[in-house]
Every structure is written in structure tokens, then in C-alpha cells.
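Numbering (the numbering used here), first residue to last: 43 to 519.
The beta-carbon is built from N, C-alpha and C at its ideal position, and this holds for glycine as well.
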Ligand code: GLN
């Protein structure tokens with residue numbers, strides 16, 4: 043029986059001959075088949091993955107050095123391009139579309155020896171918090187199948203949660219990696235803006251989007267981050283800063299300085315049990331010699347409105363390219379004129395939530411409302427950056443809940459505003475551009491897991507991963 047606990051342990055077993063990449067892939071294909079009802083995958087590349095595993099096994103046996111992700115079985119969200127493979131953003135408007143190039147992140151994973159086992163279900167164009175807005179249907183949470191896995195990267199979270207691959211990629215514009223990680227009881231990292239190239243990632247809101255990583259150990263997540271990060275000539279928003287060897291820098295005895303936002307932890311939307319767990323964690327950290335202090339923060343009720351004004355504005359522009367002309371779904375052969383043709387194609391091709399956001403974004407950018415909404419939201423973003431960056435002058439981390447509640451029941455989030463408001467704790471990191479991670483530390487009396495979210499200053503993924511490692515190691519002790 044193949045059993046997986048970490049890349050490190052898997053590599054040791056490959057080296058001592060007790061397993062092979064083919065065995066690993068066979069194991070995952072079997073697991074995927076047993077869990078088809080969870081609906082995590084859009085497409086599984088069974089034959090291709092087995093072929094690649096064979097080639098990797100042969101290369102190792104003939105003495106070729108193993109790459110850092112040699113044989114690591116990875117699933118990728120259906121918004122990340124993988125040359126010659128389907129790419130649809132879980133939307134009817136792109137159904138049947140094949141990627142003509144690979145995302146930089148994917149190329150780097152492959153160059154490091156990874157095996158891509160399939161593409162993963164998500165909310166259409168990464169818009170949503172439940173994975174119920176997908177052209178492929180909803181994804182189920184493997185811990186309680188009556189509940190959602192979170193979104194928008196629900197398939198990516200479930201693939202790791204249910205043991206259908208070792209690591210997965212998602213995208214995080216406002217929490218889409220951290221919130222499903224929280225709902226599914228696994229680790230979810232959103233790197234800082236500009237850490238990983240967005241080349242080949244389907245854009246939702248370009249000044250917020252980042253590729254993120256799901257895993258079960260901090261070491262695995264650090265390794266994947268280190269492989270994918272760094273300058274890329276195809277994306278000028280990626281930092282030129284050198285990429286640290288994250289996975290080599292994890293162990294630390296450091297005593298850190300933590301801040302928590304008083305208004306966030308005392309927000310009426312927060313489930314009392316989650317609040318208590320986070321407060322207790324703060325006390326525990328203090329008792330262990332770390333500094334833990336409350337800081338004032340008066341913008342908490344502005345973050346969700348600012349996020350939805352700015353991201354829908356960017357989305358309305360980004361999604362204008364899906365017009366039925368150059369690629370993707372096309373209808374309207376009986377249309378009167380070009381405008382009519384666009385309207386028919388877009389009305390049929392996009393789902394309800396995506397249309398809602400395009401309309402909202404078009405509205406906030408319209409001449410009469412631009413200053414009232416878009417300019418104001420930009421000001422909030424600037425104020426938020428100033429306040430959060432000021433906190434990072436005195437503290438290493440800000441800790442928060444990841445979500446105010448545990449995984450919703452399927453069908454429960456039928457009011458879009460209620461769904462948006464539940465993003466209160468995750469959108470901050472995207473508005474500011476700093477890295478943030480959700481760590482599976484707690485369990486609710488309703489049986490569901492929930493996480494602790496930690497945010498660090500921009501480009502300080504090293505400290506973030508170190509503290510993640512410290513917190514999860516303490517949990518095990
Ligand atoms: N739930 C958020 C939204 O619907 C986050 C989406 C994301 O990060 N892609 O916009």
C-alpha cells in the first residue's frame with residue numbers, strides 16, 4: 043500500500059527502492075476513482091501521468107539526479123494554463139478550450155520533476171466562496187459531504203484533503219486558497235503579490251490574483267513555493283528579489299511579535315467558538331514567550347466593500363475578452379449585429395455569479411459613479427496598506443481567523459451579500475498584497491475543522507513559513 047506523508051519521506055522511499063513514481067500515480071488514480079462523487083477533478087490525465095511516472099522512474103534508476111519535486115503528484119486548478127490541456131475556468135464560455143501555452147508556475151513544477159495528474163474544479167472564473175458556481179457542478183467536502191469545501195479553489199482543497207494528490211495549486215484573489223483550506227482542514231498559502239508569476243493564470247482581478255498552494259505539511263508547501271517563485275520575463279509584476287530556499291529555513295526557536303486586530307476578533311459576525319480558540323491560541327503563544335498584543339484597526343467594515351468594488355471593476359475589464367470572436371463559446375448566428383452577437387454569446391456563456399460581477403464592475407467604473415465607488419475604494423485600499431504596513435513595523439505577524447464560520451452547508455449561501463461578507467478576514471491580505479497562510483489547528487464542536495490565519499509583511503514568506511512550522515509542530519507535540 044502506498045502511503046504519503048511528505049515529499050521528503052516519499053523521496054527517501056524512492057531512494058531506498060521501497061516505492062516508485064508509478065506506484066504513487068497508480069495509488070492516486072485509484073483514490074480519485076473511489077472519490078468521483080466529490081467532483082474535485084475536471085479532468086484526470088491518467089495515461090499521461092503514468093507515462094511520466096515511468097519516465098521519471100527510469101531516469102532515477104539510470105542515475106539521473108532527482109529534481110526537488112521528482113515524482114510529486116500535483117493537481118492544478120482549472121484557471122491555470124497547461125499547454126495542450128483543457129482550460130475552462132469552470133465556465134461554459136471556455137468549455138472545450140485548450141491551453142496553447144503553460145503557465146510559468148506549471149513549467150517550473152514540471153522542470154522540477156512534478157507529475158500533473160489533472161485539472162481541478164472551482165467556482166467559475168474563481169468567483170465564489172463555496173464551489174457551487176461551477177459549470178461542472180458543486181464539489182463536496184470530504185469531511186462532511188453535506189457541506190461545501192469552500193471556494194473558489196474547492197476542488198484543489200478537496201483533492202489534497204481526500205488524498206487524491208500530494209499538493210495542489212489554487213488561485214487566491216480574496217481568500218480562494220485560505221478559505222477552502224480552512225473549511226477542509228489543510229494548509230493553504232497565498233504568497234505575497236509578485237512572488238509567483240501570474241503568466242498563464244486566467245485573470246479575475248489582476249492587482250489581487252496570486253497562485254497559491256495547498257498541502258498537508260509546511261515543508262511541502264515551502265518546497266512548491268520555492269520552485270515556482272521568482273522573476274519571470276512574462277510577468278513584470280513579479281519581484282526581482284531573490285527567492286530564498288524556503289524549505290531549508292523552516293526550523294526556528296525564535297520568539298515572535300504577534301499583533302491581532304481588536305476589531306476583527308470582536309466582530310459580531312465571528313462564531314464564538316472560533317473567537318475563543320483564536321484568543322486562547324494568543325494566550326498560549328504569550329505563555330510560550332512570544333509577544334502578543336491587540337492593535338486598533340478601524341477599517342474592518344470597509345475591507346469587503348472595497349474588495350468587491352475593486353475586484354469587480356477589474357473583472358469587468360478582464361472578462362471583456364470572452365466575446366465569442368477569437369476563442370471560446372460562440373452563439374448568436376441569428377444576431378442582428380455585432381453588439382447583439384456579443385450579448386447573446388456572453389448571456390449564454392457566463393453563469394449568474396459572473397454576470398452579477400461584470401455588471402457590478404461596469405457600474406462602479408461608469409462615468410457617473412466612478413468617483414463615488416471606484417476612487418473611494420482605491421482610497422480605502424491605500425489607507426489599509428498604510429495601516430497594515432505600520433503594524434508590520436512593530437510586529438512580525440498579524441493573526442486572524444481565516445473565516446468567521448466553519449464550512450457552510452450546501453445551498454446555504456444563496457444570498458450573494460451574505461457570501462461576500464464571509465470574506466471579511468481573507469480579503470485584507472490581497473488588498474495589501476502581503477502573504478498569508480491558513481493553518482489547520484482547530485476543530486469546532488460541529489465536527490468541522492477551522493484554521494488560524496497568519497499574515498506577514500510583504501516578501502517575508504520566510505518568517506511566515508517558519509511560524510507556520512512552529513505552530514503546527516507545537517500542535518503535534
Ligand atoms: N470569495 C472571494 C470572491 O468570491 C474570493 C475569490 C478568490 O480568491 N478567487 O471573490
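query: Could you give the uninterrupted runs of the beta strand (DSSP E) lying entirely in the stretch 244–322, keeping only those of 3 residues or more?
result: 252–257 and 299–303
field: For residue 263, the nearest candidate out of 229, 178 and 249 (CA to CA)
entry: Counted from its first residue, the chain shown places residue 263 at position 221. The candidate whose alpha carbon is nearest that of residue 263 is 229.
task: Under 8 angstroms by Cβ, that's how I've got residue 499 and residue 220 pegged, so tell me the actual separation to the nearest angstrom.
output: Walking along the chain shown from the start, residue 499 turns up at place 457. Walking along the chain shown from the start, residue 220 turns up at place 178. Residue 499 to residue 220, Cβ: 17 angstroms. No contact.
query: Does the count of Cβ pairs from the stretch 104–113 and the stretch 49–59 closer than 8 angstroms reach three?
result: yes
- request: With a cut-off of 8 angstroms on the beta carbons, I'd call residue 200 and residue 226 a contact; round off their distance for me.
  value: By one-based count along the chain shown, residue 200 stands at place 158. By one-based count along the chain shown, residue 226 stands at place 184. Confirmed, Cβ separation roughly 6 angstroms.
field: 3 or more residues per run - each beta strand (DSSP E) lying fully within the stretch 182–257
entry: Runs of the beta strand (DSSP E) inside the stretch 182–257: 209–214, 229–232 and 252–257.
task: Please confirm whether residue 273 and residue 280 have their CB atoms less than 8 angstroms apart.
output: Translated into the one-based positions of the chain shown, residue 273 becomes position 231. Translated into the one-based positions of the chain shown, residue 280 becomes position 238. Yes; because the gap between Cβ atoms is below 8 angstroms, this pair is in contact.
The alpha helix (DSSP H) enclosing residue 458, as first and last residue numbers: The residue you call residue 458 lines up with position 416 of the chain shown. Segment 458–463, the alpha helix (DSSP H) holding residue 458.
query: Roughly how many angstroms lie between the CA atoms of residue 453 and residue 174, to the nearest whole one?
result: Working through the chain shown from its first residue, we reach residue 453 at position 411. Working through the chain shown from its first residue, we reach residue 174 at position 132. C-alpha of residue 453 to C-alpha of residue 174: approximately 8 angstroms in a straight line.
task: Enumerate, from N- to C-terminal direction, the unbroken alpha helix (DSSP H) stretches of 4 or more residues contained entirely within the stretch 403–454.
output: 418–436
N-terminal and C-terminal residue of the alpha helix (DSSP H) that residue 110 is part of: In the chain shown, residue 110 corresponds to position 68, counting from 1. Following the DSSP letters along the chain, one finds residue 110 in no alpha helix (DSSP H), marked with neither H nor E.
task: Within the stretch 458–500, note down every full beta strand (DSSP E) run reaching 3 residues or more, in order along the chain.
output: Runs found: 478–485 and 491–498.
- prompt: Secondary structure at residue 324, three-state DSSP: helix, strand or coil?
  reply: Here residue 324 is taken as the residue at index 282 of the chain shown, counted from 1. Residue 324 falls in the helix class under three-state DSSP.
message: Measuring only from the beta carbon, is residue 169 closer than 7 angstroms to any heavy atom that is part of ligand 1?
response: Indexing the chain shown from 1 puts residue 169 at position 127. Correct: residue 169 has its Cβ closer than 7 angstroms to ligand 1.
task: On the DSSP bridge assignment, give the partners of residue 161 in chain order.
output: Locating residue 161 in the chain shown gives position 119, where the first residue counts as 1. According to DSSP, which records beta bridges pairwise, residue 161 is partnered with 85 and 118.
message: Could you compute how far the alpha carbon of residue 371 sits from the alpha carbon of residue 150?
response: The residue labelled residue 371 in the question sits at position 329 within the chain shown. The residue labelled residue 150 in the question sits at position 108 within the chain shown. Taking the straight line joining both Cα atoms gives about 30 angstroms.
- prompt: Among the residues of its own chain, which have a CB less than 8 angstroms from the CB of residue 332, if the five just before and after it don't count?
  reply: Within the chain shown, the letter at position 290 stands for residue 332. Taken in chain order, the residues that qualify are 297, 298, 299 and 300.
query: Does the Cβ of residue 448 lie closer than 7 angstroms to at least one heavy atom of ligand 1?
result: Taking the first residue of the chain shown as 1, we reach residue 448 at position 406. Result no, Cβ not under 7 angstroms from ligand 1.
message: Does residue 140 come out as helix, strand or coil in the three-state DSSP assignment?
response: Locating residue 140 in the chain shown gives position 98, where the first residue counts as 1. The answer is strand: DSSP assigns residue 140 an E or B state.
task: May I have the straight-line CA-CA distance separating residue 431 from residue 508, to the nearest angstrom?
output: Residue mapping note: residue 431 aligns to position 389 of the chain shown, counting from 1. Residue mapping note: residue 508 aligns to position 466 of the chain shown, counting from 1. Rounded to whole angstroms, residue 431 to residue 508 spans 20 angstroms at the Cα level.
task: Verify the contact flag: residue 214, CB atom, against every heavy atom of ligand 1, threshold strictly below 7 angstroms.
output: Along the chain shown, one-based indexing puts residue 214 at 172. Yes - ligand 1 has a heavy atom lying nearer than 7 angstroms to the Cβ of residue 214.
message: I'd like the span of the alpha helix (DSSP H) that includes residue 131, first residue to last.
response: As a first step, residue 131 is located in the chain shown; it is residue number 89 there, counting from the start. Where residue 131 is concerned, there is no enclosing alpha helix (DSSP H), given that its DSSP letter is neither H nor E.
message: I'd like the list of long-range same chain contacts for residue 464, defined as Cβ closer than 7 angstroms, with 5 residues on each side in sequence excluded.
response: Numbered from 1 along the chain shown, position 422 holds the residue referred to as residue 464. Excluding sequence neighbours, residue 464 sits near 171, 445, 446 and 447.
task: Could you give the DSSP three-state label for residue 174: helix, strand or coil?
output: By one-based count along the chain shown, residue 174 stands at place 132. Looking at residue 174 - three-state DSSP - the assignment turns out to be coil, as it is neither helix nor strand.
field: Three or more C-beta pairs below 8 angstroms linking the stretch 133–144 and the stretch 408–428
entry: Counting C-beta pairs closer than 8 angstroms gives fewer than three between the stretch 133–144 and the stretch 408–428, which falls short of the contact rule.
- request: Measure how close the beta-carbons of residue 81 and residue 182 come, nearest whole angstrom, since I'm counting them as under 8 angstroms.
  value: Stepping through the chain shown from its first residue, residue 81 is reached at position 39. Stepping through the chain shown from its first residue, residue 182 is reached at position 140. Right, the Cβ-Cβ distance comes to about 7 angstroms (below 8 angstroms), so this counts as a contact.
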